[in-house]
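Below: the structure, in structure tokens.
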Ligand code: GDP
Ligand code: IMO
Ligand code: MG
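And the structure:
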């Protein structure tokens, strides 16, 4: 089983690249996160954003699995299904859901919103999809799972957990009732959509595929710097986003992992709160946001933009055991005279090459400077035709990270991809 995951703060272009790589695989499986993810695919002039469903779904002959490590909001799932069935995809044949995946309840969303509101200025900047409260219930051993949906006592279990949540919600100074009631009505209806799909023991199925040499690609959500253990805590998501999570989130043993594709943008972005050492709150950041259309695929929020950060990337590569790099959005860097890469942190209180426990505002990124390029990259199809300045930029990154860049993405469309 190969794994593809983000090395930064999410939105590296995982959706696009999984779609590009899908022809090489038989099965695509999501292993963590939930509808906080927004994975964008573009082809034939159309754009699709997936939140829960794996990004191999536009290849009808491939199997797509939502693994046990994923948290599912049936209403968001229903909306995704409706859109995809609307373009003629017959999903019940090739989309399977793990019996052990946890359910996001309407009250999980309300708790997420109440908790963020109570944090005020120190809020995480959550997507407010109920991710944190759902994983809390999972580890707290209170959660409801997809397998519960088809059991006769589901309504009773649902009511009991909802009751617990309501008593928690009452402790917040937060007006949740109207939105909760509206959401709940639709949510309860959407449970029927879940039942239309094959609910499977995904760990058995995936291991049987692997025993038969059927090729599986595990698709990560979020990015390494949002990992609950290794990210910039507490400004992180509530799941492990690193490679090891593909084992937990699918029930696959570590020794079965083959290639680990680490994906990063040619620069850096972050959406939500939290430290971002190379952030450019200036014209450079504006230019990156504008050129890269850096607005969240799930929330529409503007993404914070900055230069590439080698300290962070080296950390991510170490944690994930990355064997191949994929660099996206090279085209967005067109037009800069000079491009910077952060190679060290000064005054972090930690050795400069180490990602610190806490990133303080006194930390100063040290940069190396590179010549920019002015060429339109979108029509380039081979590595050798790329501008020399860009080859120099990628060469420096490879030397520093000691992992080869195998794919360079030069536009959002499926076709705008250079495979070395
Ligand atoms: P994901 O969460 O990692 O799947 O990434 P998102 O879909 O949230 O964000 C990536 C955005 O960049 C999407 O709008 C993609 O269509 C777009 N994108 C992906 N690769 C490229 C690229 O090489 N160039 C440009 N300009 N856009 C890209
Ligand atoms: P994809 O898969 C970028 C961020 C949120 C917030 C923090 C916690 O599209 O790359 P949560 O909703 O999990 O409680 O939010 O994590 N975040 C993401 N940022 N891409 C994502 O997913 C993200 N999923 C969560 O903005 O800062
Ligand atoms: Mg995204």
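Residue numbers (our numbering): 715 to 1134.
Just so it is clear, CB atoms sit at the ideal spot from N, CA and C, and this is done for glycine as well.
Given the structure is predicted, the values throughout are model-derived calculations rather than measurements.
Inset, instruction - Tell me whether residue 1023 counts as near the ligand IMO, meaning its Cβ is closer than 6 angstroms to at least one heavy atom of that ligand. - result: Look at residue 1023: its beta carbon is at least 6 angstroms from all of the heavy atoms in the ligand IMO.
Legend entry - Cβ-based burial, residue 1034 [other Cβ within 10 Å; buried from 16]: Under this definition residue 1034 is a buried residue.
Inset, instruction - With a threshold of 6 angstroms, establish whether the CB of residue 752 neighbours any heavy atom of the ligand MG. - result: Yes, Cβ of residue 752 sits closer than 6 angstroms to a heavy atom of the ligand MG.
Inset, instruction - Pull up the distance between the alpha-carbon of residue 742 and that of residue 930, whole angstroms please. - result: Straight-line Cα distance between these residues: approximately 6 angstroms.
Inset, instruction - Express the C-alpha separation of residue 716 and residue 1120 in angstroms, rounding to a whole number. - result: Straight-line Cα distance between these residues: approximately 15 angstroms.
Legend entry - Rounded separation between residue 1068 and residue 1030 - CA only: The alpha-carbon atoms of residue 1068 and residue 1030 are separated by roughly 11 angstroms.
Legend entry - C-beta contact flag for residue 745 and residue 832 at 7 angstroms: It is not a contact, given that the beta carbons lie outside the stated cut-off.
Legend entry - Residues near residue 1064 by beta carbon distance below 6 angstroms, same chain, minus five either side: Closer than 6 angstroms at Cβ, skipping near neighbours: 1070.
Legend entry - Span of the beta strand (DSSP E) around residue 1078: Where residue 1078 is concerned, the enclosing beta strand (DSSP E) stretches over 1078-1085.
Legend entry - Residues sharing a beta bridge with residue 1106, DSSP: Looking at the DSSP assignment, residue 1106 forms no beta bridge with any residue, so it has no partner.
Inset, instruction - List the endpoints of the continuous alpha helix (DSSP H) containing residue 716. - result: Annotation: residue 716 is outside any alpha helix (DSSP H); the continuous beta strand (DSSP E) that includes it extends over 716-720.
Legend entry - Range covered by the beta strand (DSSP E) that runs through residue 1054: In the DSSP annotation of this structure, the continuous segment of the beta strand (DSSP E) that includes residue 1054 starts and ends at 1052-1060.
Inset, instruction - Grab the span of the beta strand (DSSP E) containing residue 753 for me, first residue to last. - result: Its beta strand (DSSP E) spans residues 753-757.
Inset, instruction - Note down the Cα distance separating residue 969 from residue 935, rounded to an integer number of angstroms. - result: Distance between the alpha carbons of residue 969 and residue 935 is about 22 angstroms.
Legend entry - Chain-order list of residues whose beta-carbon lies under 6 angstroms from that of residue 814 (same chain, five-residue window excluded): Annotation for residue 814: 782, 859 place their beta carbon closer than 6 angstroms to its own, counting only its chain and skipping 5 residues before and after.
Inset, instruction - Return yes when the C-beta of residue 726 is under 6 angstroms from any heavy atom of the ligand GDP, and no when it is not. - result: Checking every heavy atom of the ligand GDP against the Cβ of residue 726, one is found closer than 6 angstroms.
Inset, instruction - Keeping to the same chain, check which residues put their C-beta closer than 7 angstroms to that of residue 1073; ignore five residues upstream and five downstream. - result: The answer, listed in chain order, is 946, 989, 991.
Inset, instruction - Please report the residue range of the alpha helix (DSSP H) in which residue 910 lies. - result: Boundaries cannot be given for residue 910, as no alpha helix (DSSP H) includes it and DSSP labels it neither H nor E.
Inset, instruction - Kindly indicate the opening and closing residues of the beta strand (DSSP E) around residue 976. - result: Residue 976 -> beta strand (DSSP E) spans 974-979.
Inset, instruction - Out of 849, 872, 958, 904, point me to the one whose CA is closest to residue 938's CA. - result: Out of 849, 872, 958, 904, 958 has the C-alpha closest to the C-alpha of residue 938.
Legend entry - Inside the segment 863-946 only - beta strand (DSSP E) runs reaching at least 3 residues: For the segment 863-946, whole beta strand (DSSP E) runs of length 3 or above, ordered along the chain, are 912-914, 930-933.
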